[in-house]
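Protein chains in written order, with the numbering used here: chain Z, 1 to 384; chain E, 1001 to 1228.
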Amino acid sequence: MNFSSLRLRLLATVLAVGAVLGADLWLRPVTPPPAQAVWPAAPATLQVATLQLAAKGVIPMPPDTEAAHASSLLAMPAGHAAALTVFWFSGERESGPNVQIAASQFNRARQQWAPARFVVNRHTLGLQLGFGVRRLGNPVAWMDGAGRMHLFVVATGLGGWAASRVLHLRQSSAGNGLDALEFEPLRVLPLGWLWNTSHLVRNSPQPLADGGMVLPLYFELGLKYPVAMRFDHRGELLGMTRISQRNFALQPTLLARTATDWVALMRDIRPNGRVIAARTADGGRSWADLPDLELVNPDSAVGGMALAGGQMVLAHNASPGSRAALTLSGSVNGTDWTPIHAMEQGANPDEYSYPAMAWVDGSLWVSYTVDRQRLAWQRFGVKP
Amino acid sequence: MSADAMHWMVQLTATDAPALPAPWLMQLWLSLGWGVVLAAAVAVVGKAWPVRGRMAAAAFVALACWVGGPYAPTHWLGMAFQSPSITSVLLCAVFLYGAFSRSTQRGHPLGAAGSCWQLALALLGVVLGWVLLLDTLAVLPIVVYAWGFSPVATAAAFAVLMVPWLCHRGERAMDATLWVAPLAVLSFAALRLPTGNLWDALLDPWLWVALHVYSIRGLIQVSRRSKA
């Protein structure tokens, strides 16, 4: 065909643009309905102020590891032999070349943690991905609608910790018992144009009624800002939004007040910082910054969880300039918090940090790092 | 606006229903993409070498990208820079064709400023890169990167990149490099490579750096011509 006429070329261009649009739409999933949060099956009459310490201990470390950090708790299904799976990164030192992702499970019958084992190794990952992974860190676990575990881990490229990317892995083993547990990498999450550099993950996702979830993430190269990514019930990506316009907020934890009204609480890198807050009223489609909370934040991660009935819990370092005290607080709106329990009360340079939470079998479980060397846990039950 | 029209508007502009490439396809692209880019780089470096030597060296590095593990260049390049954009790979392929074709001993497509349209597209790439960089640093009030997940961005980019062809009135066929960007969008629409985001398919940071050099050289040439 001779395209010498402008009119003909214009027609051909319009048809080609239509074809591109058609092909693009055909390949895509249908736009999902607005996200609706769900809560763990806690008693409807639960008042978080009535939570009391029921048990505590340490999580066993893999052999020959001197560093442990950034645990993530995953509640297991009711019929599973394990009540909980915990993932964390462990090795000779934080950001060391031999750091791997470790896991342990709390056995329901024996009421104890299984010996830890490594489930993700950077060398194996490199071979599976086709490109190298320099360091591993910050695992965050989630279980999809088919009962498969997903892990989101920080995987660094060339450069330091701030040159991290978030790698999405999915359970490849048939079973999810600790001995059988294996993962395969799916992709580096597409979070930014600059080689996906400097995006990290830390806190647990907000589960959704459709079986999917919203995963909180953050950027930390110089500026720090929080991001959220939505996934469907199979773990397929459904999009991203920025949580805050502030550039000093990181490591968001999501707390749902209603199905669509959520708050995000964040770590503050400023001196004399306070816990930073943002709110969405449309299930995470758009966010607006809230005034800083009264809670002190000594540049440390907070870990929170919303329970049914508008009850919320938050584990945080409550003393200025130190991570020596770890406090469990309760709230009914996500912005006004009251201390419930002093989980740890040390003195500098003690460090109790990076709390993670899960609600399992009628109890609140909290895990956290102790002196960046080991992990501890506490279980809180409801007062009779 | 009717409910149907509203539904279609939502579908067209939605950034929350992206289609991402399959993991196996991303791995294939990693090796293929870097293979083509490295072969082109070898062809540039070995400009003074005999043609057969250049071809052998280019083929060697391209094949090395398919070796697994730390001996493969892709192990390190992927670790540092992920996968190249479709535009970069196509430009390198055009260059390789020119470098090794006896009938067309052409220069590097980005080596010297060509037509006004090439310069215009290069400047567009420079501006787009700056917008995406500022977006990465959260300087902008909107999330531009997320637009790369929407269908309307793909169609709009294709329409804009077809403008040189629409306006092309010459008797001769349009320069091959002007087809590269529209072809990149077409490839993206079909394959979703390299990440499922349009911007990653159109422009990678290294291409953006190269476009700066090309644009500056082009603008200097234009300025000299206008003075003459």
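Just so you know, even glycine gets a beta-carbon here, dropped at the ideal spot from N, CA and C.
Going by the beta-carbon positions, is the gap between residue i and residue j smaller than 7 angstroms?
i: leucine 169/Z; j: leucine 181/Z; result: no
i: cysteine 1065/E; j: serine 1088/E; result: no
i: proline 226/Z; j: serine 244/Z; result: yes
i: leucine 1124/E; j: alanine 1153/E; result: no
i: threonine 31/Z; j: valine 382/Z; result: no
i: alanine 1181/E; j: leucine 1161/E; result: yes
i: glycine 239/Z; j: aspartate 1016/E; result: yes
i: leucine 208/Z; j: alanine 54/Z; result: no
i: methionine 1055/E; j: phenylalanine 1095/E; result: no
i: methionine 357/Z; j: glycine 284/Z; result: no
i: proline 60/Z; j: proline 115/Z; result: yes
i: valine 17/Z; j: alanine 1155/E; result: yes
i: valine 1126/E; j: leucine 1211/E; result: yes
i: glutamate 344/Z; j: aspartate 371/Z; result: no
i: glycine 1196/E; j: proline 190/Z; result: yes
i: alanine 301/Z; j: tyrosine 368/Z; result: no
i: glycine 79/Z; j: threonine 1136/E; result: no
i: alanine 315/Z; j: tryptophan 39/Z; result: no
i: leucine 237/Z; j: glutamine 206/Z; result: no
i: serine 322/Z; j: asparagine 297/Z; result: no
i: phenylalanine 89/Z; j: leucine 125/Z; result: no
i: histidine 1075/E; j: glycine 362/Z; result: no
i: asparagine 196/Z; j: arginine 165/Z; result: yes
Going by the DSSP bridge assignment, what does residue i pair with across the sheet?
i: glutamine 251/Z; result: Looking at the DSSP assignment, glutamine 251/Z forms no beta bridge with any residue, so it has no partner.
i: tyrosine 1071/E; result: Tyrosine 1071/E pairs with nothing; no bridge assigned.
i: threonine 156/Z; result: Arg135/Z and Ser164/Z
i: glutamate 344/Z; result: Leu326/Z
i: glutamine 311/Z; result: Leu307/Z
i: methionine 376/Z; result: For the sequence presented, residue 376/Z should be read as alanine rather than methionine. Looking at the DSSP assignment, alanine 376/Z forms a beta bridge with Val58/Z and Tyr368/Z.
i: arginine 242/Z; result: Val227/Z
i: proline 185/Z; result: Leu169/Z
i: glutamine 1027/E; result: Looking at the DSSP assignment, glutamine 1027/E forms no beta bridge with any residue, so it has no partner.
i: glycine 381/Z; result: Gln52/Z
i: asparagine 317/Z; result: Leu326/Z
Pull up the distance between the alpha-carbon of residue i and that of residue j, whole angstroms please.
i: alanine 1112/E; j: valine 1222/E; result: Model confidence at alanine 1112/E stands at a pLDDT of 48, short of 50, so the residue's coordinates are unreliable; what they give is reported in the following sentence. C-alpha separation (whole angstroms): 12 angstroms.
i: glutamine 111/Z; j: glycine 130/Z; result: 41 angstroms
i: proline 291/Z; j: alanine 277/Z; result: 7 angstroms
i: valine 201/Z; j: arginine 1217/E; result: 42 angstroms
i: asparagine 247/Z; j: serine 198/Z; result: 14 angstroms
i: glycine 222/Z; j: aspartate 299/Z; result: 15 angstroms
i: arginine 1021/E; j: glycine 334/Z; result: This sequence places proline at residue 1021/E; arginine is not what is there. When rounded, the distance between both Cα atoms is 38 angstroms.
i: aspartate 289/Z; j: threonine 1013/E; result: 25 angstroms
i: glutamine 171/Z; j: alanine 318/Z; result: 36 angstroms
i: phenylalanine 1060/E; j: proline 63/Z; result: 44 angstroms
i: threonine 156/Z; j: arginine 134/Z; result: 5 angstroms
i: glycine 159/Z; j: glutamate 94/Z; result: 15 angstroms
i: tryptophan 142/Z; j: valine 1045/E; result: 48 angstroms
i: leucine 1028/E; j: phenylalanine 231/Z; result: 25 angstroms
i: valine 58/Z; j: glycine 1069/E; result: 38 angstroms
i: alanine 22/Z; j: glutamine 1118/E; result: Strictly speaking, residue 22/Z in this sequence is glycine, with alanine absent from that position. Roughly 28 angstroms separates the two Cα atoms.
i: glutamine 128/Z; j: proline 185/Z; result: 7 angstroms
i: serine 71/Z; j: phenylalanine 1149/E; result: 32 angstroms
i: cysteine 1092/E; j: leucine 1178/E; result: 13 angstroms
i: alanine 1138/E; j: valine 214/Z; result: 20 angstroms
i: leucine 328/Z; j: aspartate 336/Z; result: 13 angstroms
i: isoleucine 269/Z; j: alanine 162/Z; result: 14 angstroms
i: leucine 84/Z; j: asparagine 272/Z; result: 36 angstroms
i: leucine 1203/E; j: alanine 1072/E; result: 24 angstroms
i: valine 14/Z; j: leucine 8/Z; result: 10 angstroms
i: valine 1131/E; j: isoleucine 1142/E; result: 11 angstroms
i: glutamine 108/Z; j: phenylalanine 380/Z; result: Going by the sequence as given, residue 108/Z is arginine instead of glutamine. Cα to Cα, arginine 108/Z sits roughly 16 angstroms from phenylalanine 380/Z.
i: glutamine 52/Z; j: histidine 341/Z; result: 8 angstroms
i: glycine 177/Z; j: alanine 81/Z; result: 8 angstroms
i: leucine 11/Z; j: proline 1151/E; result: 21 angstroms
i: arginine 257/Z; j: glycine 310/Z; result: 6 angstroms
For the ligand SAH, is there a heavy atom less than 6 angstroms away from the beta-carbon of residue i?
i: serine 71/Z; result: With respect to the ligand SAH, the structure shown offers nothing to examine, as it has no ligands at all.
Interface residues of the segment 85 to 104 of chain Z facing chain B [CB-CB below 8 angstroms]:
Any reference to chain B falls outside this structure, whose protein chains are Z and E.
Ranges of the alpha helix (DSSP H) found wholly within the segment 1140 to 1186 of chain E, counting only runs of at least 4
Counting whole runs of 4 or more residues, the segment 1140 to 1186 of chain E contains the alpha helix (DSSP H) stretches 1144 to 1147, 1151 to 1161 and 1163 to 1167.
In chain order, which continuous runs of the beta strand (DSSP E) of length 3 or greater are located wholly inside the segment 91 to 143 of chain Z?
Here the runs fully enclosed are 100 to 107, 117 to 120 and 135 to 143.
Measuring CB atoms only, is the segment 54 to 70 of chain Z touching the segment 1042 to 1060 of chain E, in the sense that at least three cross pairs come out at less than 8 angstroms?
Touching, no.
Are the segment 249 to 257 of chain Z and the segment 210 to 222 of chain Z touching, with three or more C-beta to C-beta distances below 8 angstroms?
Yes, the segment 249 to 257 of chain Z touches the segment 210 to 222 of chain Z.
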